[in-house]
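Protein sequence lines, in the order shown, are assigned to chains A and B.
For the first sequence, our numbering puts the final residue at 427, and the numbers step up evenly by one.
For the second sequence, our numbering puts the final residue at 427, and the numbers step up evenly by one.
Here is the structure we will look at, set down as structure tokens.
Number of protein chains: 2
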Amino acid sequence: MIPSKLNELGAWQAAALLARRELRAADLVRACLDRVAERDGEVHAFAHIDPDTALAQARSLDAGPLRGPLHGLPLGVKDLFDTADLPTGYGSPIYAGYRPVADAAAVALCREAGALVLGKTVTTEFAYFHPGLTRNPHDLMHTPGGSSSGSAAAVADRMLPLALGTQTAGSIIRPAAYCGVVGYKPSWGRVPRAGVKSLSETLDTVGGFGRSVRDAALLGSVLIGDARLREEFAAGALRIGLCRTPEWPQADADTQHAWAEATAALAPHAVAMSDVVLPDDLPDLVALQKAVMAFEMSRALSHERLHHRDRLSPRLRALLDDGIAIPGAEHAAGLARTEAAKRRIDALFDQFDVLLAPSATGEAPVGLGATGDPLFCRSWTLLGLPCVHLPFARGSHGLPVGLQLVGRWGEDHRLLANAQWVHERLTR
Amino acid sequence: MIPSKLNELGAWQAAALLARRELRAADLVRACLDRVAERDGEVHAFAHIDPDTALAQARSLDAGPLRGPLHGLPLGVKDLFDTADLPTGYGSPIYAGYRPVADAAAVALCREAGALVLGKTVTTEFAYFHPGLTRNPHDLMHTPGGSSSGSAAAVADRMLPLALGTQTAGSIIRPAAYCGVVGYKPSWGRVPRAGVKSLSETLDTVGGFGRSVRDAALLGSVLIGDARLREEFAAGALRIGLCRTPEWPQADADTQHAWAEATAALAPHAVAMSDVVLPDDLPDLVALQKAVMAFEMSRALSHERLHHRDRLSPRLRALLDDGIAIPGAEHAAGLARTEAAKRRIDALFDQFDVLLAPSATGEAPVGLGATGDPLFCRSWTLLGLPCVHLPFARGSHGLPVGLQLVGRWGEDHRLLANAQWVHERLTR
């Protein structure tokens, strides 16, 4: 049975209907566009949307052969990804109206799998902290998080089922948490970044959003090119490591409450569940991530730093100034410490199948001048580990709250199967 | 004293004269342009050169304050790097005449340090195997190697002192070997790749060429942002690991002869020198590199694969077809085996300061339809280790032959100091 509000269909369900030709992509797109028309004047999830092009793509897909696992699904593309048929602004006035000559590789892969790009979603300035116009669909006075602000908000608000994002500090997991959707940051190195505005050589990671683990995994399977993400969803009873992280004192009452709720719900089902003891000699990974990011951003954005300084936000300008002053020897030592930490943390996964960890300090903060703190994401991004945010609770202001699961590097298919298992038990 | 042929000045020497204002950048550029005019009709090192722009840049540098360690040095930029003021073709007809909106980060960093871009140098098609027009300056009937063909040839032929390249399989070390110059491939992850056409997420590495180790290190110091590469050249007596690699049977008599010559020359000076015993359970790194590269290139070049198939060379098309058919599970297992191999090889550097290894199977092969075999570079690129090619001999056809030194990941400053020490002893 097809629900009356097509825009509320999840990706997995819509894909099945589309594959059986029981649903037309054009109808799905029309429902999504109606929702955008109804809501986006307030939410501002989109930086650019072209209804005619989207509908034309949908009709073409309806008339042609099945393309692949995303056939007919409307996709939001963070405006940090190049698109050949839509302007690409990277969230910066420097690139207003810029028309790339080619699609980013991740966009091309999704199109090859049958997705149609509904529009470009708002990013913060170069995916750093200076916010775009997007508001949190659950409460317009609150930030949606960043930097993948528009993608998270559009998926949360049922404007479309799937959207692309990137994470350098916490830019997928944090907005997923604030908007109450599933966010998936793959293992580092698994998704091509060609055609994505580059910020940080060793941190930038392409991923995406859906409203369920299976939906995010469907998108992820195309991004990392691994069919196991959509075919293998059997997870045994798990050994769950509880990793509050050294930043736990900064988790507020809402996150603490979600933590208590989750651990209580999972305890009867897990084969084993215990606190993770982090190695004593582990460096301060949050500080390390900040330094690596500053050094690398100051270099990756050299053209903008040198030629468009006056069109950078003060906060970005300050970061680039800080980063360019970091001595190379210090950066090299930081990368070496990161590698050593990766090896230590990898060993934890002999003991645990997944780690449960906070996603954010709490609910989406009030105000649109900032996008919240990526504190609880920085370490996992530095370590390159795959992460999935699971929404399952509400905070004291009624806004979404959840937690993230962290998996072993390279074992994304296991993480997503495990995340599905965990999410089921948290949302019963 | 300034030599009469300014184009023959090494980067280090020219930089010192320029910094003392004893040499004008305009004069240096003019000498380089004269050499280009004299030779490039035969060598074809340049894809694009704009003498007026280069001279204008030089005059501006002469008139202004000292910019940095590359002040006034003419730089060749592989046509795989975006440049805002020169067309960028990536060696493919698809991008003929393309004008990027921004400089690649590496180009911007060199300009910030005072370099002036003399022109764009020829790359093979998307830095894969389909050759450009470049010929080997030592014998025009032989390949210069690829994919950084024009950069290596231009530096070898004294058209300029420094040039940028990239390596995904063997695209810096091989042309350096064939053209008889120093090629430096930094540790993976140290140089920003923003604005460089992306082929392979986990392999692509930005580096460069010079005619001496110190020259290459000077350029490298700016690329990786580590002043130690130009300030620390003291190397103690070394523990040298002799790593013929499992591919040694494919080294021809010229490479074998160079090996014997080098080991004999180094034996009296090294603190220790012995054959490296590779772990028994090491996977076939060459086969692994080929598979990782095929998988990743088929995805990074998705836009071209899907929209410009008929304008790809047959060999590249075949690679992309092979790569897209590799199951994601196989790729994930390959990346995991690579990580394990990295850890095993890293441990070798507790025992050795550097590894000596072949750079190429022999001299530059005759013929311009192919660019030679990156066989002896694939493993080191896969492992992400820093490499320096050292030219010091001639083969049976009188063409350059040499060997490479491989260092510990992240210790590029030590590798370059050690390479300087080794090169001195090989070229006495």
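Glycine included, each C-beta is placed from N, C-alpha and C at the ideal position.
Residue i, DSSP secondary structure in three states
| i | result |
| --- | --- |
| L115 (chain B) | strand |
| S273 (chain A) | strand |
| T254 (chain B) | helix |
| A15 (chain A) | helix |
| C386 (chain A) | strand |
| Y89 (chain A) | coil |
| A331 (chain A) | helix |
| V76 (chain A) | strand |
| R497 (chain A) | Beyond the ends of chain A as shown, which are 0 and 427, falls residue 497 (chain A); an answer cannot be given. |
| D156 (chain A) | coil |
| F348 (chain A) | coil |
| T120 (chain B) | strand |
| V195 (chain B) | strand |
| D280 (chain A) | coil |
| G149 (chain B) | helix |
| S59 (chain A) | helix |
| R98 (chain B) | coil |
| K341 (chain B) | helix |
| L22 (chain A) | coil |
| L65 (chain B) | coil |
| E231 (chain B) | coil |
| F128 (chain B) | coil |
For residue i: DSSP bridge partner residues
| i | result |
| --- | --- |
| T52 (chain B) | Paired residue(s): none; T52 (chain B) is not in a bridge. |
| R366 (chain A) | Rather than Arg, the amino acid found at residue 366 (chain A) in this sequence is Gly. G366 (chain A) is not bridged to any residue. |
| H141 (chain A) | A:V365 |
| A46 (chain A) | A46 (chain A) is not bridged to any residue. |
| R304 (chain A) | DSSP lists no partner for R304 (chain A). |
| N135 (chain B) | B:D138 |
| R393 (chain B) | B:P399 |
Residue interval of the alpha helix (DSSP H) (run including residue i)
| i | result |
| --- | --- |
| V205 (chain A) | No alpha helix (DSSP H) holds V205 (chain A); the beta strand (DSSP E) holding it covers T204 to G209. |
| P313 (chain B) | P313 to I323 |
| G177 (chain B) | Note that residue 177 (chain B) is Tyr in the sequence shown here, rather than Gly. Y177 (chain B) -> alpha helix (DSSP H) spans I172 to C178. |
| A481 (chain A) | No information on residue 481 (chain A) is available, as it lies outside the stretch 0 to 427 that chain A covers here. |
| L161 (chain A) | Unbroken run through L161 (chain A) is the beta strand (DSSP E), L161 to Q166; no alpha helix (DSSP H). |
| F294 (chain A) | L284 to A299 |
| G224 (chain A) | First-last for G224 (chain A): undefined, no H or E at that position. |
Nearest-angstrom beta carbon gap, residue j and residue i [assumed within contact, 8 Å]
| i | j | result |
| --- | --- | --- |
| I325 (chain A) | A286 (chain A) | In fact, because the Cβ distance is near 12 Å, the residues do not count as touching under 8 Å. |
| R424 (chain A) | A175 (chain A) | The Cβ separation is near 19 Å, so there is no contact. |
| D138 (chain A) | V181 (chain A) | 20 Å between Cβ atoms; not a contact. |
| H47 (chain A) | P86 (chain A) | 6 Å |
| R20 (chain B) | A168 (chain B) | Actually they do not touch by this definition, with Cβ atoms about 43 Å apart. |
| G88 (chain A) | D78 (chain A) | 5 Å |
| G219 (chain B) | Y183 (chain B) | 5 Å |
| T380 (chain B) | L202 (chain B) | 6 Å |
| P499 (chain B) | G194 (chain B) | Residue 499 (chain B) lies beyond the range of chain B shown here (0 to 427); nothing can be said about it. |
| V387 (chain A) | L354 (chain A) | Not quite, the Cβ-Cβ distance comes to about 11 Å (not below 8 Å), so this is no contact. |
| N456 (chain B) | A234 (chain B) | Residue 456 (chain B) falls outside the range modelled here, since chain B spans only 0 to 427, and no answer is possible. |
| G113 (chain B) | L60 (chain B) | 6 Å |
N- and C-terminal bounds of the beta strand (DSSP E) containing residue i
| i | result |
| --- | --- |
| V405 (chain A) | P399 to V405 |
| K184 (chain B) | V181 to K184 |
| A356 (chain B) | V353 to P357 |
The region 11-30 of chain B in contact with the region 50-65 of chain B per 3-pair CB rule at 8 Å
yes
Taking 8 Å as the cut-off, does the region 130-138 of chain B touch the region 223-243 of chain B (at least 3 CB pairs, one atom from each stretch)?
The region 223-243 of chain B vs the region 130-138 of chain B: no contact.
Would you call the region 293-313 of chain A in contact with the region 249-263 of chain A, where contact means no fewer than 3 C-beta pairs closer than 8 Å?
Using a Cβ-Cβ distance cut-off of 8 Å, the region 293-313 of chain A and the region 249-263 of chain A are not in contact, since fewer than three pairs of beta carbons, one from each stretch, lie closer than that value.
Below 8 Å, can you find three or more Cβ-Cβ pairs linking the region 158-177 of chain A to the region 207-222 of chain A?
yes
Counting beta carbon pairs with one atom in the region 223-233 of chain A and one in the region 316-330 of chain B, are three or more of them shorter than 8 Å?
yes
Quick check: the region 403-412 of chain B against the region 182-194 of chain B, are there 3 or more CB pairs under 8 Å?
yes
Counting Cβ pairs closer than 8 Å, one from the region 329-343 of chain A and one from the region 274-291 of chain A, do we hit at least three?
yes
Between the region 138-152 of chain B and the region 115-128 of chain B, do three or more beta carbon pairs fall short of 8 Å?
yes
Touch test, the region 68-76 of chain B against the region 13-24 of chain B, Cβ-Cβ under 8 Å, three pairs minimum:
yes
Spell out a yes or no on whether the region 272-283 of chain B and the region 341-355 of chain B are touching, meaning 3 or more CB-CB pairs, one atom from each, closer than 8 Å.
Judged by Cβ distances under 8 Å, the region 272-283 of chain B makes contact with the region 341-355 of chain B, as three or more pairs qualify.
Is there contact between the region 362-373 of chain B and the region 389-406 of chain B, where contact requires at least three CB pairs shorter than 8 Å?
yes
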